[in-house]
Amino acid sequence: MCECFCPTIFQLIANTPRVQVEDDGPIPMQKKKGPLEMLMEEMEQEESEQQPMTRSGPDGTMTDLSADVVHCGDWLAVLYDQNWWLAKAVTVDAPHQDVKVEFFHPHGPNTRFYPKEVEGGKDMCFIPFDHILVKLVEPSSPGRTSRTREIYNLSAEVMDFIEEKHIHHIGLRPDKAE
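What follows is the structure, encoded as structure tokens:
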């Protein structure tokens, strides 16, 4: 029989000095949680995770928006088709609680955006106010990066803040996103 397949027996011996430990009596046992207690604890934890975000955004970002705050020409980060988009307000329709926006491509997360022509003109759509994630004003509004082409950029800090608002708005948590 080959020796490489024979088990080797090891014996571990502790070479530590014996230390006398004071006895404080029996250690109290933790109470075993029942199914109802475990469910209640889990529900409380989920509620605390769903609390509104408390992190304030970079200077020039507004998140509490209504019809009197959004105006034509404002830069917005909006939710459309489960993605966030950089958009510019074209028309505010206060009675219907929505705003017509021009989309800038590609959708976020990204730091460079440009307008895109589609069949019949610019890429525009009405967005309800509750799908506006962030309004961007100076110094967070997009800056034009080219004299000859209409290309805009966002700072990485503003883009990260919008992405965080997007994840919170659609109900995903970064550890559960696919």
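Position 68 of the sequence shown, counted from 1, bears residue number 67 in numbering that gives the first Met the number 0, the numbering being contiguous throughout.
Here a beta-carbon is modelled for each residue, glycine too, at the ideal position from N, C-alpha and C.
Q: Provide the residue span of the alpha helix (DSSP H) that contains Val157, from first to last.
A: The residue labelled residue 157 in the question sits at position 158 within the sequence shown. Its alpha helix (DSSP H) spans residues 155-169.
Q) Per DSSP, what kind of secondary structure is His104 in: helix, strand or coil? A) To locate residue 104, count along the sequence shown from 1; it is residue 105. In the structure shown, His104 sits in a strand (DSSP, three-state: E or B).
Q) Should Val68 be labelled buried (16 or more other beta-carbon atoms within 10 Å of its own) or exposed? A) Taking the sequence shown and counting its residues from 1, one reaches residue 68 at position 69. Burial is judged here by how many other beta carbons sit within 10 angstroms of a residue's own beta carbon; Val68 has fewer than 16 and is exposed.
Q) Given that a residue counts as buried once 16 or more other Cβ atoms are within 10 Å of its Cβ, and exposed if not, what is Met182? A) The question about residue 182 has no answer, for the chain in this structure spans 0 to 177.
Q | Where Leu64 falls: helix, strand or coil (DSSP) | A | Here residue 64 refers to the residue found at position 65 of the sequence shown. Correct three-state label for Leu64: coil.
**Q.** Helix, strand or coil at Pro34 according to DSSP, with G and I counted as helix
**A.** Taking the sequence shown and counting its residues from 1, the one referred to as residue 34 is at position 35. The three-state reading of DSSP puts Pro34 in helix, counting H, G and I together.
**Q.** beta strand (DSSP E) segments (min. 3 residues) lying fully within the stretch 72-105
**A.** 74-79, 82-92, 97-104
**Q.** Any 3 or more C-beta pairs closer than 8 Å across the stretch 144-154 and the stretch 91-100
**A.** no
Q | Candidates His95, Gly33, Pro34, Cys124, of which the one nearest Val89 by Cα | A | As a first step, residue 89 is located in the sequence shown; it is residue number 90 there, counting from the start. When each option's Cα is compared against that of Val89, the closest is Cys124.
Q: Go to Pro114, then tell me how far its beta strand (DSSP E) extends in each direction, as first and last residue.
A: Mapped onto the sequence shown, residue 114 falls at position 115. Per DSSP, Pro114 belongs to the beta strand (DSSP E) from 111-114.
**Q.** Presumed contact (8 Å Cβ cut-off) between Leu132 and Lys164, rounded CB distance
**A.** Your numbering for residue 132 matches position 133 in the sequence shown. Your numbering for residue 164 matches position 165 in the sequence shown. Contact holds; Cβ gap of about 5 Å.
Q. How is Thr53 classed by DSSP in three states: helix, strand or coil?
A. Here residue 53 refers to the residue found at position 54 of the sequence shown. In this prediction, Thr53 has a pLDDT of 40, which is less than 50 and means its spatial position is unreliable; nothing more can be read from the coordinates.
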